[in-house]
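Asker:
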Amino acid sequence: MEKRTPAWKTGCLHQVTPSEETPSRELHLSRERLFLLCPQLKALMSGDLVITVSPDWQALNLYAEPRWDILRRDLQALPTDNSEARRIQRRMLGNAIILSAEKTVVIPDTLVNYAGLVDAFDSPLWMIVFDDSNAELWPEHELKRLFSEAQWGKSPLIRFMRGEQVDHRGRSLNDILALDDFWLEHTHDYVQWLFPIDTPSRANLQAPVLNEADQQWFRRDPFLRFQHRRALDRMLRFCGLKRAEHIIEPREDLHPYRHIWLKRGGHNHLLITRMIRSLHLCHQPELARVVQQAFIEIGQARGYVQPQTIAFWRQATE
């Protein structure tokens, strides 16, 4: 079994809204509301339901139980000596859950997180209904990504930021974000991947340079901006700071002895300039200004940051 090419199917698209706010990351959908969207979806939702992850996309597959029984047997019959077959089996069989015909469809947090269905990306949800026994649940940002990819393609930088490709040294975004402060301090060729800007790096000639197409990707794709904020939060922690939305504050252990950006000079000042500039260019200008102001105010109040450095930080959003 060779690696398969995902097939496109035709279905009807309906926006869906969670039925209630929950303290957990579970997703609650009202069957009664879903009944109103179309007859095929009403038929699908009227009985027991099986939900699993898509083998190809960041989405969830929904099946009527009789349809799933047939598919399950087909999946179990796939050759286990083939890596692609095993991948599909693990994803679909290993994540399948059966939901009884209750008023509320409760999708557990494990599946919600897999498919990016949480509202962390400000992304509406869409149900694609194929027939009365099969539908898919998608976050809007993933549908936009597929459309954008078909229209414009993705650069190595965009693939890296989305977690689909490694950098020039074989490190993924998650690999870098998991490394400790000592590594982040003494390694300097990762910063250009986490915080791309529109000018080449003299320190890392293999680093990507942010171009207009990349910037448009950041504008269109909320998941990219989310990943960018993940990188920001890791580097803020490295600098002894913490962020809650648009509020950045010092951590309790912030001190020039531990956090050398508070001293008069050093390469970390260039890192901070790049962070601010990258957020500004990658369609998060308000956050860039918050980061800029935090470093200026905290650097002056708690450290020995010089006026020349402050001037560079101010220019980063121009």
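In terms of the numbering used here, the sequence shown opens at residue 93 and continues consecutively. C-beta atoms are modelled at their ideal positions from N, C-alpha and C, and glycine is treated no differently. Computed from a predicted model, the values in this text were never measured in an experiment.
Note the first and the last residue of the continuous beta strand (DSSP E) segment covering E277.
Answerer: No beta strand (DSSP E) holds E277; the alpha helix (DSSP H) holding it covers 273-278.
Asker: What does DSSP give as the partner residue(s) for L191 in the beta ladder?
Answerer: L141
Asker: Pick helix, strand or coil for M93, following the three-state DSSP scheme.
Answerer: For M93, the predicted model reports a pLDDT of 45, less than 50, meaning its position is unreliable and no value from the coordinates is stated.
Asker: Is the CB-CB distance between Q181 and L167 below 7 Å?
Answerer: yes
Asker: Measuring straight from C-alpha to C-alpha, what distance separates H176 and L324?
Answerer: The residue asked about is misnamed: residue 176 is Glu in this sequence, not His. When rounded, the distance between both Cα atoms is 35 Å.
Asker: Between which two residues does the beta strand (DSSP E) holding Y155 run?
Answerer: 152-156
Asker: According to DSSP, is K134 helix, strand or coil?
Answerer: helix
Asker: Would you mind listing the alpha helix (DSSP H) stretches within the region 237-268 that are 4+ residues and don't spill past its ends, in chain order?
Answerer: Entirely contained in the region 237-268, the alpha helix (DSSP H) runs reaching 4 residues are, in chain order, 248-253.
Asker: DSSP three-state call for A336: helix, strand or coil?
Answerer: strand
Asker: Between which residues of its own chain and W405 is the CB-CB distance below 7 Å, once the five residues before and five after are set aside?
Answerer: The beta carbon of W405 is closer than 7 Å to those of I364, T365, I368, Q384, F387, I388 in its chain, skipping five residues each way along the sequence.
Asker: So what's N360 in DSSP terms, helix, strand or just coil?
Answerer: helix
Asker: When DSSP labels each residue in this structure, what does W218 get in the three-state scheme?
Answerer: strand
Asker: Give me the Cα-Cα distance between G395 and H278, rounded to the nearest whole angstrom.
Answerer: 21 Å
Asker: Nearest-angstrom Cα distance between E94 and Q257?
Answerer: Residue confidence is low: E94 scores 48 on pLDDT, short of 50, so the model does not pin down where it sits. No coordinate-derived value is stated.
Asker: Could you tell me whether the Cβ atoms of L235 and M219 are closer together than 7 Å?
Answerer: no
Asker: To the nearest angstrom, report how far apart A193 and G208 are at their CA atoms.
Answerer: 25 Å
Asker: Could you tell me the boundaries of the beta strand (DSSP E) in which P399 lies?
Answerer: Unbroken run through P399 is the alpha helix (DSSP H), 399-407; no beta strand (DSSP E).
Asker: Grab me the residues of R179's own chain with a C-beta within less than 8 Å of its C-beta, minus the 5 sequence neighbours each way, in chain order.
Answerer: P147
Asker: When the Cα atoms are used, what is the spatial distance from Q400 to D345?
Answerer: 26 Å
Asker: Kindly indicate which three-state DSSP category T196 falls into: helix, strand or coil?
Answerer: strand
Asker: If we ignore side chains and look at the alpha-carbon of each, how far apart do E304 and V142 end up?
Answerer: 43 Å
Asker: Please report how far the alpha carbon of H351 lies from the alpha carbon of D313, in whole angstroms.
Answerer: 33 Å
Asker: Give me whichever residues DSSP pairs with N226 in a beta bridge.
Answerer: Y155, D223
Asker: Could you give the first and the last residue of the continuous beta strand (DSSP E) run that contains V301?
Answerer: Note, V301: premise wrong, no beta strand (DSSP E); not H, not E.
Asker: With distances taken Cα to Cα, identify the nearest neighbour of P110 among S225, S122, R326, N266.
Answerer: S122
Asker: Alpha carbon to alpha carbon, how far is R311 from P342? Give it in angstroms, no decimals.
Answerer: 30 Å
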